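Numbering (the numbering used here), first residue to last: 67 to 356. Each residue gets a CB set at the ideal place from its N, CA and C atoms; glycine is no exception. Model, not experiment: these values are computed from the prediction. Below is one structure; the comments refer to it alone.
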Amino acid sequence: MLAAVQFEKPRGYAAWRERKLAGYPKSAEELIVEVRDPRKLSAAERAAILERCARANIAVYASRCGEESDKEIARALGLQFGLARLDPNWLADDDGISSIAVREGAARGEFIPYTSKAIRWHTDGYYNPPERRIRAFVLHCVRGAAEGGETQLFDHELAYLLLRDANPDWARALMRPNAMTIPERASGGDVERATQSGPVFSFDDRGALHMRYTARSVSIQWAADPDTAAAVQFLAQILSDDAHFALRLKLAPGMGVICNNVLHTRSAFRDDPTRPRLLYRARYYDRIRG
């Protein structure tokens, strides 16, 4: 974990950088932990998940749950890592956990996660105010897509490292309080979500690096200065379709992701009408704890 104390001390940052690059997974397969039941991990399973998160802020579990449609899988898994404060966003179900599936014609169908379209690179809750910052999420697969629907993951700490290597001024630009602004969302004259400005990279109250980002090109405003423009262009380059450090996998039934809100994306997909894609997503204000 890149902490504020390392960030401020050149030697500490250099040591962290060396460890990060040396330990970063070469493929998503290195992140996979076989578990019997995510709702009740063994000590060894839990330790293995924490080890992956220490390396890349991400772990992938493969369980025997198959197509069991139990939201308690996501909730109980999170609790074992200190994830308790769910983000009750308005698209979530009543229990605070979202059922991610194609919702044609429904209100959720206006939003890309609830369609079969590709989702661009982002971190969850980039439009949230600071008091509702998303620090971690669990994504559990009940049923996968018939075709497509590949997930890509990219550790936000590595994104910061690569940006700082390219130009420290670019990294500093994305830590300014007005770096990225998400305009308000209004409907029928009512404001459904207020304008939200803030940095891309910041340190949370535990001193851990946090990222809020979206690769979308509409409904977003970037600070109007050369360093910010260059930094945004650089991030777009490292998050291209052939991103060198992206970790790619297709979640199968019983598999899931637990992470400290890393960058992620999803390819377009085609559903089997008899077994449509279904994932459970739990977003948290907490960060994964050992």
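Check                                                                                                                        : Outcome
Residue from V328, R341, G356 whose Cα sits closest to the Cα of V204                                                        : V328
Span separating the alpha-carbon of A296 from that of D235                                                                   : 10 angstroms
Local Cβ density within 10 Å of E111, reported as buried at 16 or more and exposed below that                                : buried
Residues of its chain near K75, where Cβ-Cβ distance is below 7 angstroms and the 5 sequence neighbours each way are ignored : none
For E213, three-class secondary structure by DSSP                                                                            : strand
Reference T340, options R209, K316, L152, closest by Cα                                                                      : R209
Y226 vs L87 beta-carbon contact at 8 angstroms                                                                               : no
Beta bridge counterpart(s) of H330 as assigned by DSSP                                                                       : H188, L219
Local conformation of Q146 per DSSP, three classes                                                                           : coil
Alpha-carbon spacing of L228 relative to P91, whole angstroms                                                                : 16 angstroms
Residue range of the beta strand (DSSP E) that includes F267                                                                 : 267-269
Closest by C-alpha distance to N123, when choosing among E96, R198, Y193, C131                                               : E96
Same chain, Cβ closer than 7 angstroms to A202, five either side skipped, listed in chain order                              : L149, C325, N326, N327, Y350, D352, R353, I354
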